[in-house]
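Numbering (full-length UniProt numbering), first residue to last: 1 to 139.
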């Protein structure tokens, strides 16, 4: 295994984001259409939050991702992204070592981190990315 591999090798570089002004229906659409679980929330170029499929599931009891369109859409119209997102998420730099990121994920209670270099969003990295890396390196 490469001991000092940076997360730039495993992060997703083409990041799908939502604006803090978007509505929650747009969040659900982006999560579904891109088969992803986390979206950085931006205000201009600044990462101001992160919102996940789990955050939406808590609101809708999972109905929106189980093919029950319309089930809990009223909830999505009543709330805003800033009310649901995790504000000021932990961000990491692209030169962080993968092992160090794995330790952060083990200690913290989140599963994705926006990758920010010099104040600019460069990617996103998840626990799945880390697991895939360790599986590929060890088998």
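Heads up, the beta-carbon is just placed ideally off N, CA and C, and yes, glycines get one too.
Residue 107 sits in a helix when the DSSP states are folded into three classes. The beta-bridge partner set that DSSP reports for residue 47 consists of 42. A distance below 9 angstroms separates the beta carbons of residue 56 and residue 27.
Note that the segment 12–20 does not touch the segment 101–109; fewer than 3 beta-carbon pairs, one per stretch, sit closer than 8 angstroms. Remark: fewer than three beta-carbon pairs, one from each stretch, lie closer than 8 angstroms, so the segment 113–132 and the segment 73–87 are not flagged as touching. Here the C-alpha atom of residue 113 lies approximately 7 angstroms from the C-alpha atom of residue 92. The beta carbon of residue 10 is closer than 8 angstroms to those of 98, 125, 129, 130, 132, 133 in its chain, skipping five residues each way along the sequence.
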